[in-house]
Amino acid sequence: LALAGIIFLAIFHVSTLAGKQINVYIERYNAYDQIGYALDDMALRLPSASRIYNPFNESGVVEIQDSMHFFGWLNPYNVTPYAGDTEYIYRIKDNALVLEDITHDRTETLVEAKFEPTVEFVRHGAAQDIEPNFMTVIVTANCNKSASIGLPTRVVKAEGIKFWFIDVVAPR
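One gets the working numbering by counting positions in the sequence shown from 1 and adding 45 to each.
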């Protein structure tokens, strides 16, 4: 009977640890999935932007912005160059990464607040290799449960985005 109790406790302990690890990996997968969705959405909408409200300066240094406010098409699959009818902004709102459609008064959550996301729109100065209509978007999320099994809590993904119809650098 004592041996059966020890075996039962060992099985219970192993299954509890396995369940904890599964929950951590599910959380990390959800964070990666939401970040991937956000970057896919940006890679779809931003290249066809017709106007940017907060363009970068041509300062020669790395510039970072925490939001991107632009005009683009409501249907990003059917775009007319240099035109756009919908005002959008990607930003952190209520601790979540959202896409606000200001024209139609809609907000879509891209990365949930529980992941405490941050977003950076980065322009790498006046380096000769960098085009004026190219920037990098970096989205970071926190998976606080990851520390319990020794994994890093930060989940980070980045995407390079090239604008086709406008420059992300303010004209002189």
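The beta carbon of each residue, even a glycine, is placed where N, CA and C say it ideally should be. Nothing here was measured: the structure is a model prediction, and the numbers come from that model.
Ordered along the chain, which non-local residues of its own chain (more than five positions away) have a Cβ less than 6 Å from that of residue i?
i	result
Val124	Ser93 and Trp118
Quick one: give me the first and last residue of the alpha helix (DSSP H) that residue i is part of.
i	result
Gly64	Ala47 to Arg90
How big is the Cα-Cα spacing for residue i and residue j?
i	j	result
Asn120	Phe57	53 Å
Ala88	Glu145	16 Å
Tyr82	Ala47	52 Å
Glu91	Phe208	Sequence inspection shows Leu at residue 91; the Glu mentioned does not correspond to that position. Each residue's Cα considered, the two are about 7 Å apart.
Val69	Glu132	37 Å
Asp85	Ser60	37 Å
Can you give me the start and stop residues for the beta strand (DSSP E) that residue i sits inside?
i	result
Phe116	Met113 to Gly117
Thr125	Thr125 -> no beta strand (DSSP E), and no H or E assigned at all.
Trp109	Per the sequence shown, residue 109 should be read as Ile rather than Trp. Val107 to Gln110 is the span of the beta strand (DSSP E), which, as asked, contains Ile109.
Quick check on DSSP: helix, strand or coil for residue i?
i	result
Phe179	strand
Ala158	helix
Ile194	helix
Looking only at DSSP bridge pairs, what is residue i linked to?
i	result
Ile187	In the sequence as displayed, the identity of residue 187 is Asn instead of Ile. DSSP output for Asn187 lists Arg199 as bridge partner(s).
Asp146	Tyr133 and Arg151
Ile206	Met180
Among the residues of its own chain, which have a CB less than 8 Å from the CB of residue i, if the five just before and after it don't count?
i	result
Asn102	Glu108, Val214 and Ala215
Asp111	Arg136, Ile137, Thr163, Val164, Glu165 and Phe166
Could you check whether the Cβ of residue i sits closer than 7 Å to any heavy atom belonging to the ligand ZN?
i	result
Thr163	This structure simply doesn't include the ligand ZN, nor any ligand for that matter.
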